[in-house]
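First comes the structure, then the notes that go with it.
Rendered as structure tokens:
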């Protein structure tokens, strides 16, 4: 077995510079000129585009100046660092963070009664300075000659960066403890790590990647790049009709209540080609079943088993009932994943406690456990400092990290980066507000909890760092290079956060936050007002739906354990009607059909032979998007064309 790729100091420095340059472009060109939105998934274009650019640049360096070209390990280091911070820009996180942190005092009015309702409970130390000198020009733009009042933002940046770093450390240590279980016992496929490994195969000793030498790769490339090239031509020839099948949403309205969305995205098809067939089929099956269940509930008046779900005045729509069912399944998957690893975790604890075992591995496990505990205490303590009661801070932290843990594992298992959990369930909000009930929290604790679970704290349903970490561990060996792997992550994250915070705040002051940031904050504070005035009580019917989803997932897991042929996986239930699956189920369906045909009639040889074609789809798509961006910058700087979106 060959040694894993090596992380070098040069690669870490280049990674930091690439992050800074990439994020400067995203904010000051993409966001300012509205010609690009690059964060839509757990593996965003903000990661993949600069990596593909480096791939082609390094191919040129191999041909012209081979002594300065990057090694395979260095390219993978760049890939990993870009992914660790890839979900932070724009609507991935930073636009929400700046909007929320700068919002309360500016948007408070006599009509919305924010000041009277929750200002006395708000943890002002984590927000921007509330003085008009700081807040007003943030939303309206600075007057000519004025400077940005950074003194009003430094404290907030430090607060949120510090607690976010604790979340990164917790995720790093948690995945370090589970990674061996996922690789050796559960045999996760890590499609999003396998793809860059395959794309960089051949850089050691050759001038170009081996994939570039295969004609089938260029066929896949052309299938996507040529339609994009044609669409770019329509920028100049306005009479030409664009080709839309890679970009258009097609609505299938089968009945007034039963409808589906069809969307074909080549990038998804490329990475999910490596996903196991049973998981692909499960996601498709449960999404179609969810659409049918929603149609039936709408037709029958949102009732289940003869009772309405929700207390009087708090009944959810049919879609939200499905979300609650999915949340029960998601929590089960998290607990089930821990249960599956019980023997591994016992072995880890034995090594930590007794010191028996390979010395390097014992030391790593001890450090990981210490880091896990210290970072958890840091986040919980920060939550208490916000004003949360200790039980609420612990509960919120555990629910949030359980969801993040599930997402990180399942992205590693499937390669489907659009596993986007339903927003109320990401950070335990719906569990502690709707199931347990907000009426049992004090006003101060409730307001602090809403700040803790808002989009200001560690991402939205696109999660920073965590989905990337299992893939970093897969690409590099933690046991062989623990210091450099840790440094790679802990250098990338603060650089990405600070660059984006500074550039996004600067953009708001220069052009007006109302223009560039929009109203991304107000709903959080409106929710505080509503809950303080209308406390929610626990509801047995909502609990019944949640437990029903939990039980369904448990039954599916049990059947998979007893019958090896059982085709369904609980991941399909947990994400049955989430945003990503609603949009892209048809892309998964195409891949599922192709894989079944190849494996049925050609076996593993046909499947392996098909990989370059699907990789070509991904590279053709990314190169086409980059080319469109360059054309926009040169000829259409004030009216960009949205080549990549949802």
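Residue numbers (the working numbering): 1458 to 2103.
By construction, the Cβ of each residue, glycine as well, lies at the ideal position given by its N, Cα and C atoms.
- Contact annotation: residue 1866 and residue 1927 have beta-carbon atoms nearer than 9 Å.
- Distance between residue 1817 and residue 2085, taken at the CA atoms: about 49 Å.
- Within the segment 1672-1737, the complete beta strand (DSSP E) segments of 3 residues or longer fall at 1707-1710 and 1716-1719, listed in chain order.
- Taking the Cβ atoms as the reference, residue 1544 lies roughly 6 Å from residue 1501, within the contact range of under 8 Å.
- The DSSP-derived three-state label of residue 1879 is coil.
- Residue 1850 and residue 2102 have their C-alpha atoms roughly 36 Å apart.
- For residue 1572, the enclosing alpha helix (DSSP H) begins and ends at 1571-1575.
- Counting the other Cβ atoms within 10 Å of the Cβ of residue 1813 gives fewer than 16, which makes it exposed.
- Ranked by Cα distance from residue 1654, the options 1931, 1871 and 1703 are led by 1931.
- Out of 2082, 1980 and 1991, the CA that lies nearest to the CA of residue 1565 is found in 1980.
- Across the set 1985, 1661 and 1887, the C-alpha of 1985 shows the shortest separation from the C-alpha of residue 1902.
- Taking 9 Å as the cut-off, the Cβ atoms of residue 1740 and residue 2006 do not count as close.
- CA-to-CA, the gap between residue 1908 and residue 2036 works out to about 23 Å.
- The alpha-carbon of residue 1705 is positioned some 16 Å away from that of residue 2047.
- With a beta-carbon spacing of about 18 Å, residue 1878 and residue 1906 fall beyond the 8 Å limit used to define contacts.
- Taking residue 1950 as reference, the option from 1938, 1915, 1590 and 1860 with the minimal CA-CA separation is 1915.
- Here residue 1713 is exposed, its C-beta having fewer than 16 other C-beta atoms within 10 Å.
- Put simply, the segment 1594-1608 does not touch the segment 1626-1633. Fewer than three CB pairs are less than 8 Å apart.
- Fewer than three Cβ pairs drawn from the segment 1522-1529 and the segment 1481-1489 lie within less than 8 Å of each other, which leaves the two stretches out of contact.
- According to the DSSP assignment, residue 2010 belongs to the alpha helix (DSSP H) that extends over 1997-2019.
- Residue 1945 sits in a helix when the DSSP states are folded into three classes.
- Cβ atoms of residue 1844 and residue 1853 stay farther apart than 8 Å, at about 12 Å.
- No residue range can be given for residue 1548, since it is assigned to no alpha helix (DSSP H) and is classified by DSSP as neither H nor E.
- The three-state reading of DSSP puts residue 1951 in helix, counting H, G and I together.
- Residue 1790 is positioned such that its CB atom lies closer than 9 Å to that of residue 2031.
- Two segments are said to touch when three or more pairs of C-beta atoms, one from each, lie closer than 8 Å; by this definition the segment 1940-1947 touches the segment 1532-1541.
- Burial of residue 2033 is indicated by the presence of at least 16 other C-beta atoms within 10 angstroms of its C-beta.
- In its chain, beyond the 5 residues on either side, 1646, 1648, 1651 and 1872 have a beta carbon closer than 7 Å to the beta carbon of residue 1731.
- Counting other Cβ atoms within 10 Å of its Cβ, residue 2065 stays below 16 and is therefore classed as exposed.
- Between the C-alpha atoms of residue 1939 and residue 1553 there is a straight-line separation of about 34 Å.
- With contacts defined as CB atoms closer than 9 Å, residue 2052 and residue 1891 fail to qualify as a contacting pair.
- Listed in chain order, the non-local C-beta contacts of residue 1989 below 8 Å within the same chain comprise 1574, 1575, 1900, 1903 and 1904, local neighbours out to five positions each way being set aside.
- Going by beta carbons, residue 1469 and residue 1937 fall outside the 9 Å limit.
- Close CB contacts of residue 1521 within its chain, under the 8 Å cut and outside five residues either way in sequence, are absent.
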